[in-house]
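**Student:**
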Amino acid sequence: MKADQKKQYVIQMEVTKESIKDLGINPKEVSYQKVGSEYKLVHLIKTDNEELYKEFMQPVWREAKEIERKRNAEMECKKTALSLDELYENYKYETLDYNQESALERLEKEELLEKLNKLVEELDEIDKQIFKYYMEEKSDSEIADLLGSKRTTVNYQRRRIFSNLKNSLEDYL
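Start counting at 1 in the sequence shown, then tack on 1086, and there's your number in this note's numbering.
Take a look at the structure:
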C-alpha cells in the first residue's frame, strides 16, 4: 500500500428488496453473502473510515464469535461423560429405572387385583378358605389338616378354584 493511499474497508450492509428500492441502491451491487452464520442479502459499502467500519462490523463479529463458542462448547460436551447424580442435584432430573413398572402396568395390575378380589369374594366359604391358605403358602396337606379333609380333595378343589379364576380373568392375562 502506498503512503498516500488510505486503507479501504468493506461494510456488509444487510438490505431487503424494499430497502434497495427505498435507498436507491443499484440491484447489481447487491448479493447474497455470509453474515455471521447465515447468508443474507447485502450491499457492500467501501469506506476508508475505520471507526465506521468497526461500528458496523462489531455486531457481526460478536455473533460469529458467539456461534464459534457454542460450537466449541458442544464439541467439548460430546467428549464429556455426564454424572447422573450431578444432573439430579443441579437440575432435579431423575433417571429412569427400567426395573420400575410404568403407570400403565401399575394400573393394569391394580385392575387385575380388583377383579381377582371381587371373584374371590364371590367364592363359597370353603373355596375362600382354600384360596386364603394357599395364598399364605400352605401346602395341600396343611390345608387338608386345617379343614379336616383329604389332601387329594383339597388338591382337586384348589385346581378347580384356580382354573375357574384363570378363566374369569382371561381378558386381563
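Just so you know, even glycine gets a beta-carbon here, dropped at the ideal spot from N, CA and C.
#1: Based on DSSP bridge pairs, tell me the residues matched to M1221.
#2: Could you check what DSSP says for I1097 in three-state terms: helix, strand or coil?
#3: Could you pull the start and end residues of the alpha helix (DSSP H) that L1209 belongs to?
#4: Taking its Cβ as the centre, do 16 or more other Cβ atoms sit within 10 Å of A1230, making it buried, or is it exposed?
#5: Where do the N-terminal and C-terminal ends of the alpha helix (DSSP H) with Q1091 fall, by residue?
#6: Does DSSP put I1131 in a helix, in a strand, or in coil?
#7: For K1114, name the three-state secondary structure that DSSP assigns.
#8: Span of the alpha helix (DSSP H) holding Y1310?
#9: Are the segment 1123-1140 and the segment 1093-1110 in contact at 8 Å, needing three or more beta carbon pairs?
#10: With DSSP run on the structure shown, which of helix, strand or coil describes K1236?
#11: Determine the burial state of Q1144: buried for a count of at least 16 other Cβ atoms within 10 Å of its Cβ, exposed for fewer.
#12: Counting along the chain, where does the alpha helix (DSSP H) carrying S1105 start and finish?
**Tutor:** Straight from the coordinates:
#1: The residue you call residue 1221 lines up with position 135 of the sequence shown. Partner(s): none; M1221 has no beta bridge.
#2: Taking the first residue of the sequence shown as position 1, residue 1097 is located at position 11. I1097: strand per DSSP, three-state reduction.
#3: Reading the sequence shown from its first residue, position 123 is the one you call residue 1209. Counting along the chain, L1209 falls outside any alpha helix (DSSP H), and DSSP gives it neither H nor E.
#4: In the sequence shown, residue 1230 corresponds to position 144, counting from 1. Flag for A1230 reads buried.
#5: The sequence position of residue 1091 within the sequence shown is 5, counting from 1. Counting along the chain, Q1091 falls outside any alpha helix (DSSP H), and DSSP gives it neither H nor E.
#6: Start at 1 with the first residue of the sequence shown, and residue 1131 comes out as number 45. Here I1131 sits in strand by DSSP.
#7: Against the sequence shown, residue 1114 aligns to sequence position 28. Correct three-state label for K1114: helix.
#8: In the structure as shown, the chain begins at 1087 and stops at 1259. Residue 1310 is therefore absent and cannot be evaluated.
#9: yes
#10: Here residue 1236 refers to the residue found at position 150 of the sequence shown. Three-state DSSP puts K1236 in coil, outside helix and strand.
#11: Stepping through the sequence shown from its first residue, residue 1144 is reached at position 58. It is exposed - the Cβ of Q1144 has fewer than 16 other Cβ atoms within 10 Å.
#12: What you label residue 1105 is simply residue 19 of the sequence shown in a count that begins at 1. Residues 1103-1109.
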